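> I have a structure here, written as structure tokens, and I will follow up with some questions on it.
Number of protein chains: 4
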Amino acid sequence: MTSTASARPLRVGVVGLGWMGQVHARAYTRVGQHYLDTPLRPELVAVADTATDERVARAVAAYGFTDVHADWHELLERDDIDVVSITGPNFIHRDVAVAAAQAGLHLWLEKPAGRDAEETAEIAEAVAAAGVQSTVGFNYRNAPAVELARALVAEGRLGRVEQVRITMLADYAAHPEGALTWRYQNRWSGSGVLGDLVSHGVDLGRYVVGEVESLVCDTATFIPERPALSGAAFAHTARGGGPLAPVENEDYAGALLAFAGGARGTLESSRVAVGEQCTYGIEVHGDRGALAWDFRRMGELRVCLDQDYTDAAWATRFVAPGDGELGAFQPGSGIAMSYDDLKVVEAHRLVRSIAEGVPQGATITDALQAARLVDAMATSARDRRWVDVDAPRVSP
Amino acid sequence: MTSTASARPLRVGVVGLGWMGQVHARAYTRVGQHYLDTPLRPELVAVADTATDERVARAVAAYGFTDVHADWHELLERDDIDVVSITGPNFIHRDVAVAAAQAGLHLWLEKPAGRDAEETAEIAEAVAAAGVQSTVGFNYRNAPAVELARALVAEGRLGRVEQVRITMLADYAAHPEGALTWRYQNRWSGSGVLGDLVSHGVDLGRYVVGEVESLVCDTATFIPERPALSGAAFAHTARGGGPLAPVENEDYAGALLAFAGGARGTLESSRVAVGEQCTYGIEVHGDRGALAWDFRRMGELRVCLDQDYTDAAWATRFVAPGDGELGAFQPGSGIAMSYDDLKVVEAHRLVRSIAEGVPQGATITDALQAARLVDAMATSARDRRWVDVDAPRVSP
Amino acid sequence: MTSTASARPLRVGVVGLGWMGQVHARAYTRVGQHYLDTPLRPELVAVADTATDERVARAVAAYGFTDVHADWHELLERDDIDVVSITGPNFIHRDVAVAAAQAGLHLWLEKPAGRDAEETAEIAEAVAAAGVQSTVGFNYRNAPAVELARALVAEGRLGRVEQVRITMLADYAAHPEGALTWRYQNRWSGSGVLGDLVSHGVDLGRYVVGEVESLVCDTATFIPERPALSGAAFAHTARGGGPLAPVENEDYAGALLAFAGGARGTLESSRVAVGEQCTYGIEVHGDRGALAWDFRRMGELRVCLDQDYTDAAWATRFVAPGDGELGAFQPGSGIAMSYDDLKVVEAHRLVRSIAEGVPQGATITDALQAARLVDAMATSARDRRWVDVDAPRVSP
Amino acid sequence: MTSTASARPLRVGVVGLGWMGQVHARAYTRVGQHYLDTPLRPELVAVADTATDERVARAVAAYGFTDVHADWHELLERDDIDVVSITGPNFIHRDVAVAAAQAGLHLWLEKPAGRDAEETAEIAEAVAAAGVQSTVGFNYRNAPAVELARALVAEGRLGRVEQVRITMLADYAAHPEGALTWRYQNRWSGSGVLGDLVSHGVDLGRYVVGEVESLVCDTATFIPERPALSGAAFAHTARGGGPLAPVENEDYAGALLAFAGGARGTLESSRVAVGEQCTYGIEVHGDRGALAWDFRRMGELRVCLDQDYTDAAWATRFVAPGDGELGAFQPGSGIAMSYDDLKVVEAHRLVRSIAEGVPQGATITDALQAARLVDAMATSARDRRWVDVDAPRVSP
């Protein structure tokens, strides 16, 4: 019997201990509580964070890290780290990830992995060359309802898939006085809503339905100027107070998708959608049934199954133990898992990947394909034409 | 004081007394009950219908028509008809409508007006030349919640419109054994779901938001063959029993829309969507608010208004007297109007158009613009490219 | 072949041509349009209404009545009337209904039939003595989704019924400045929300589930004084401007119900419920399934059927032709019927009752049982104890 | 600056390491991660559990407890424990809790605290005598949406509360072959759904609205016999295989409630409600607004506020940081907290109670009042009469 207690330690470094870095830190500590047979037991060792305020120091102490470095290079040079979480802003992902892989460290990398497909490919190559594991934070895959959706499609319960709708709407940038943070400047972010939300959306589509072969996309920047940031806030929603400066990337993207299996899809994403806090979801119609999922009601899957072709009714199914990983968190249906729990699932997949030497869940390969799709959307929007996208070497 | 009783008669002929013809017949008789100040009082005079079964004879008697003709030319030659309803299948619309206009008759024309923009333009020209009124059956406009939606947008309550989603999903053709009726053959229908449902969708978009300037569209035929019809059924949902023959037109259409005001939109439509009986709706996001309407819950408008840019909540508002035409039908909110009631509204607009000599509601001009948009979608799907669409001479 | 055209006429008088009287008038004229085989063809003959304003005169003309009487006795004395609709305020129901029955006229009577069970029994006795038909306006029975609910329960699809929730919430009296109309004075109304809404609720419960054997009830008057009416408005929602005077009857009732079959129920009703326009519904749980209906989404029945005992999911089923009377109104599911359509169903049941000499739908017997239940609730609330209720001679 | 790292340790014992015991264990370890300023840092020391299987041993190891005792007396005799979690079945609560309090240990006690009000009073007295803190597991209070609901009521945003609906429906006992565990035998459980679910419901009502002064209740046992348990399962949902034996307590309870402030309420609870997994909620109507909460959509509060008395619309508000404790868990609205997170909130309140010597959140006083209400319901159902309930010494 393996158990949390007897499991070998997995020594963890975290680059960036903001909100997401702390989500990772908590997830590491909880793997063994939800997966009693975890093959490795994460131990929080060190943090790299450029922030100099008390906030980081308190978090470091609270989570029990031993050391904190201002420079992430120092973190990677330690000899007591097995895996590194990369959770800082987009513009450091490639550099840290490549260096970490080259240092033989496994990766838990937030999305978008790189600022574009080229950067992401560099990471993928470094990962492949080093033979390390690379978990990527496409966390929506980990929701039991999404796992159930994927299973229903895979089992043919919907018949042949015909129609897909992917929705990724948020309001975090809806305020016109929201500051011009790094997110709105391409040299830092790579893109706007495409990298931030659409990358999640295309991963959801790939995971539930399959590969996208071609697409046409339109983008728009509805708030073309924002006030420069006065002060040092990195938050999504900080208000700027400085002079207006141009927003360099898109607030909105709409796309038509053609899936490899013949299904057609639409994708809509916005970061300025008033009324939409986290309206992230997917709806799939097949020739025998349909399903729909919305992150805001994460534990529910709407399904239309096992009926005649016409006049079929939709049911709302609460996930139950046995659907995805729910059973590791709750004993019955209707009892909520949290967003953070999705990250515990992700951490567990990372841990198993490392222990078994076999990728589990979303990896840099998935991040690369998402980045290719996002790049294709940018190209399509710029050139106003359909763009084909090659299939990845490995399917999701 | 005018009143129903003292109003001048408006003598009515109906071409095609199937379901929709009977909807028209009932609507004519109810105008004066809901609009006590109706300027004209419709009288049902004559019907033209090629069906020879007892069904038509009984309906003719039940509605109190005086005469029935097998040939619609005879109906148009009568000298005791002021207005003609054209409700038969698509392939007779142009011929009847042009002849009726040339005979000086006002028109109540079901959509799609013609099989394509060219046919629709012919009708529009005949209407203009004759100076008759031409009400077109874009009935979703008449829902009080849609009128309210249009008013909210027009008053700027949503701010500048950014994002629009139009959905027209049905399952009437979802059964693979559904017979190959005229709807699936272009010489009779002109197109598939584009003419049948998308025409409604683009009218809804135009009415609530405004003109579409350019678009890119993708179409698919998911059920490429259907059994030939054995027997004479015209019904949407009849089962065929004959040999399989090819479906000539699209089951599905997806499109990206660029509105004149800068808003971007998606449109999805299918006639084979399992689980979707009449999922017809529109969702609009502006920079200050949002709204959404779904025909299946016709009396509800979901709104997100009068809040901050972020964390804004949606409310479900039941229409109340004062919203659109609800007050002509029900005394309070939460009490359902019917689909047929929308046609009473339409009939009233027709009657007022005729009495006042000024178009009211949707006319052949709107049908023509819808047909141009539908044609542009077909072109875009065929050529896989963006297509521009000229604005109509008159806005909706 | 019978048909609307060849059907014998049924000559109609209407007492009270306010909103509900006009609903009746319209329903009579539409019976033959939706039921082509109607055995009798209603003809609107005469009205009795005490209102002297132009409003009634216009409605009389619009609906095509021949005569209007200020005194309802004159109407009943006519020899050219077969059936009389009684739609005025509660305090005239008993007198008009008894006199009409004694005059050999069939009745279409709005609820509550009498101001209390005693008055209602008087009507029932007069009806029985005269051998006339007596349709009562428990219109919610006529919704196809309610018919479907009743059928599902009757067929045992829910198993043995265990738990019932009846909700009748409205806001028509929520405004504290709403005038003290006759509704708030027991000599005119008999009771408050008990007679007005709870009577509907108990009929719904009886129709779907079965008889109630005993109950305990609590009532409350949340707005104990209202301004006297200045002017002659009868409307629910008119604002008073006069001095405050006491409200004599209950704004709210809550009850526990024990059904004959062993099921237990709750009932909640209020006329002052902010946010609830017409929140009228029933929810039923059996040992194998459950269902729920809400008038505001009249065409939907929520069902939980054909699954295991645990983790069962609810589906939303749109009624389709074949469910109740939908097929007489719409050709497919998802297309709305109206409140008025429920009254056409009711009129058709009245017409068939008269033609066949056999009661159809809700009759004075149902009204009497509803009145007994309402009286029992008043007694229970006054005495703060459980009260038994005898079963009616005939079940719903 | 205090922080998790510098906080003094709080040494924890857990009695019963089943599902709920593990929930507590996890919650203790997470307090310092979500509340960086926690005044005490829980350390898991020892467990008492009678189960002898490997399951407990693995959990003990996984959570890092030092010792495990078969007999809870041994646990209480340790001198290295500050607080004890009591999470075993109902029949041990009183004995363990009284002994623990007498030993000077603080308590975290699952509900129902005792099998009845008498047992609960014994615990309350022991707690008072010892001067220890006593957190009780009324976890629904801790949901941010419930905190928001309470705040809205307290601030008068709903006006004077008129009407309350409390719903506690589950299906865990819906299967007729579900085994006759201790839950169905009063000597072990004290009561059926009253203690298990209604106790939560009345706490929710007290917390959001206020004290209940009198009530009338009806109960029913819909599945009167169940198969005896073959084997040692304690689980809610285990299937029995033995001979049928009588169920001693109620499956269902319905009640009318009279609140101290004049509001009236209904309460419905069932453990055999097919289709209802965790349908736990409260709906409140006041004379100016209304709100509704359902545990299955824990992060949503439906509100009807800031409108006119009539035609007011409901909005669905996702809780945001600033509502209750959401900000300690998630950075934005629409991102799910879990059931377990509610227990972290509870653990934090326990920790603060102990550190500050001032009760926080639900305590044994609340458990006692809930027990009195539950006992009053049992009395009312038995005697079929209204029962008055004294107010507690301290309000929730």
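Chains as they are written, first to last, in full-length UniProt numbering: chain A, 1 to 396; chain B, 1 to 396; chain C, 1 to 396; chain D, 1 to 396. Beta carbons are placed, not taken as given, at the ideal position from N, Cα and C, and that holds for glycine. These numbers were taken from a predicted model, which means no experiment stands behind them.
So what does DSSP say about Val15 (chain D), is it helix, strand or coil?
Looking at Val15 (chain D) - three-state DSSP - the assignment turns out to be strand.
> Based on the DSSP secondary-structure assignment, which residues constitute the bridge partners of Pro9 (chain A)?
A:Arg41
> At the 9 Å Cβ level, is Asp251 (chain B) part of the contact set with chain D, yes or no?
no
> Give the range of the beta strand (DSSP E) segment to which Met377 (chain C) is assigned.
Careful: Met377 (chain C) lies outside any beta strand (DSSP E), inside the alpha helix (DSSP H) at 364 to 383.
> In angstroms with no decimal places, state the Cα-to-Cα distance between Thr2 (chain A) and Arg352 (chain A).
Because Thr2 (chain A) sits at a pLDDT of 48, beneath the cut-off of 50, its placement in the model cannot be relied upon, and the following sentence gives the value as read from the coordinates. The C-alpha of Arg352 (chain A) is placed about 13 Å away from the C-alpha of Thr2 (chain A).
> Suppose only complete runs of 4+ residues qualify. What are the alpha helix (DSSP H) ranges in the region 66 to 131 of chain C, listed by chain order?
Runs found: 72 to 77, 90 to 102, 117 to 130.
> Do you know how far the Cα of Val136 (chain B) is from the Cα of Asn361 (chain C)?
According to the sequence shown, residue 361 (chain C) is Gly rather than Asn. So the two alpha carbons sit approximately 39 Å from each other.
> At a Cβ threshold of 9 Å, is Phe318 (chain A) touching chain C?
Yes, Phe318 (chain A) lies at the interface with chain C (some Cβ there is under 9 Å from its Cβ).
> Using a cut-off of 8 Å between C-beta atoms, extract the partners of Leu152 (chain A) located in chain B.
Within chain B, no residue comes near Leu152 (chain A); the closest Cβ sits about 13 Å away, beyond 8 Å.
> Quick check on Ala315 (chain C) - is its C-beta less than 9 Å from some C-beta in chain A?
yes
> Quick one: measure Cβ to Cβ for Thr66 (chain C) and Gly18 (chain C), integer angstroms, because I've assumed they're closer than 8 Å.
In fact, because the Cβ distance is near 20 Å, the residues do not count as touching under 8 Å.
> Please list, in chain order, all residues of the same chain as residue 397 (chain A) whose beta carbon is under 8 Å from its beta carbon, the five residues on each side excluded.
In the structure as shown, chain A begins at 1 and stops at 396. Residue 397 (chain A) is therefore absent and cannot be evaluated.
> Please identify, using Cβ separations under 9 Å, the residues of the region 294 to 314 of chain A that lie next to chain D, in order along the chain.
Listed by position along the chain: Phe295, Arg296, Arg297, Met298, Gly299, Glu300.
> Using a Cβ-Cβ cut-off of 9 Å, state whether Pro176 (chain B) counts as contacting chain A.
Interface flag for Pro176 (chain B) against chain A is set, since a Cβ pair is found closer than 9 Å.
> Phe259 (chain B) bridges to which residues according to DSSP?
B:Val212
> With a cut-off of 9 Å, does the C-beta of Ser353 (chain C) fall near any C-beta of chain A?
no
> Please confirm if Thr181 (chain B) has its CB atom under 9 Å from at least one CB of chain A.
no
> Taking 9 Å as the CB-CB cut-off, is Ser333 (chain C) touching chain A?
yes
> Taking the continuous beta strand (DSSP E) assigned at Arg302 (chain D), which residues delimit it?
From DSSP, the beta strand (DSSP E) with Arg302 (chain D) extends over 300 to 304.
> Going by the CB atoms, is the gap between Val153 (chain D) and Gly265 (chain D) shorter than 9 Å?
no
> Applying a beta-carbon distance threshold of less than 7 Å, which residues of chain D neighbour Trp19 (chain A)?
Pro331
> 9 Å is my cut-off, CB to CB: does Gln163 (chain A) come that close to chain D?
no
> So, do the region 202 to 216 of chain B and the region 300 to 319 of chain B have three or more beta carbon pairs nearer to each other than 8 Å?
no
> Exposed or buried, what is Ala376 (chain D) when buried is set at 16 or more other beta-carbons lying within 10 Å of its beta-carbon?
In this structure Ala376 (chain D) is buried. Its beta-carbon is surrounded by 16 or more other beta-carbon atoms within 10 angstroms.
> Mind listing the chain D neighbours of Leu36 (chain A)? Cutoff is C-beta to C-beta under 7 Å, in chain order.
Neighbours of Leu36 (chain A) on chain D, chain order: Arg58, Ala59, Ala62.
> So, with DSSP's three-state summary, where would you put Asp386 (chain C)?
Note on identity: in this sequence residue 386 (chain C) is Trp, with Asp being the wrong assignment. In this structure, Trp386 (chain C) counts as coil in the three-state DSSP scheme.
> Within the same chain, show all residues whose beta-carbon is closer than 7 Å to that of Glu248 (chain A), passing over the 5 residues directly before and after it, in chain order.
Tyr184, Gln185, Asn186
> I want to verify the contact list: residues of chain B whose CB lies under 9 Å from the CB of Tyr339 (chain C), in sequence order.
Phe329, Gln330, Ile335, Ala336, Met337, Ser338
> By the three-class DSSP mapping on this structure, what secondary structure does Leu180 (chain A) have?
strand
> Residue 400 (chain B) CB to nearest chain A CB: under 9 Å?
In the structure as shown, chain B begins at 1 and stops at 396. Residue 400 (chain B) is therefore absent and cannot be evaluated.
> On the three-state DSSP scale, how would you describe Arg352 (chain C)?
helix
> Just to confirm, is the Cβ distance from Thr279 (chain B) to Thr167 (chain B) under 9 Å?
Cβ distance < 9 Å, so Thr279 (chain B) and Thr167 (chain B) count as in contact.
> Please confirm whether Tyr140 (chain A) has its beta-carbon closer than 9 Å to some beta-carbon of chain D.
no
> State the start and end residues of the unbroken alpha helix (DSSP H) segment that holds Arg297 (chain B).
First-last for Arg297 (chain B): undefined, no H or E at that position.
> Could you tell me whether the region 328 to 345 of chain A touches the region 139 to 157 of chain A, where touching means 3 or more Cβ pairs closer than 8 Å?
In short, these stretches touch, since the Cβ pair count reaches three.
> Step through the CB atoms of chain A and report whether any lies within less than 9 Å of the CB of Asp388 (chain B).
So no, Asp388 (chain B) is outside the interface.
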